[in-house]
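A.B. asks: Going by the working numbering, the letters in the sequence shown line up with residues 308 to 392, in that order.
Glycine included, C-beta positions come from ideal geometry on N, C-alpha and C.
Here you go, one structure.
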Amino acid sequence: MEKKNYYCEYCGHKFREVRILVAASCHRHPDGSGKGKHKLYEGSEKSRYTCRYCGRQFSSIRVMTGGTCLRHPKGTHKGRHSPAL
Ligand SMILES: [Zn+2]
Ligand SMILES: [Zn+2]
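Here it is as C-alpha cells:
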C-alpha cells in the first residue's frame, strides 16, 4: 500500500507522518515565522489547489502560501492564500 503524504496548510511542506508535522515550527505561520507549529491540511492531495479567500488556483500548497492574498480576511495582502479543502 502506498504511503500517504501529509501537508502543512500554512507552508505546504510535505511530511510522511502527522506527528512530525505537528511537532515542528512553521516558517509561514500566520503569527509570524517560527511562531507556531505546522498545521495539518485536512483536504486530499490534488493536482490544483484553490484559495479559500480569492479562488485563485495553484499547482501546490507551497506555491500558494508563498504569496499574499488580495481577499484575505485581515485585509488586502495582510495574509497568505489558504487552501480550501
Ligand atoms: Zn508549515
Ligand atoms: Zn487567495
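Per DSSP, Y348 forms a beta bridge with which residues?
C.D. replies: None; Y348 has no bridge partner.
A.B. asks: Buried or exposed for E316, please, with buried defined as at least 16 other CB atoms from any protein chain shown within 10 angstroms of its CB.
C.D. replies: Result: buried.
A.B. asks: Look at the alpha carbon of Y348 and the alpha carbon of H320, and state the distance between them as a whole number of angstroms.
C.D. replies: Their backbone Cα atoms lie some 10 Å apart in a straight line.
A.B. asks: When the Cα of R369 is compared with those of E352, K310, H384, T383, which residue comes out closest?
C.D. replies: Comparing Cα positions, the closest option is E352.
A.B. asks: Report yes if the CB atom of G377 is closer than 7 Å to the CB atom of G350, and no otherwise.
C.D. replies: Position check: residue 377 holds Leu in this sequence, whereas Gly was assumed. Against a cut-off of 7 Å, the Cβ pair of G350 and L377 comes out as no contact.
A.B. asks: What are the start and end residues of the alpha helix (DSSP H) that includes R323?
C.D. replies: Unbroken run through R323: none, as it is neither H nor E.
A.B. asks: Let me make sure I understand the geometry here. Which of H384, K346, R359, P337 has the alpha-carbon closest to that of I327?
C.D. replies: Closest by alpha carbon: K346.
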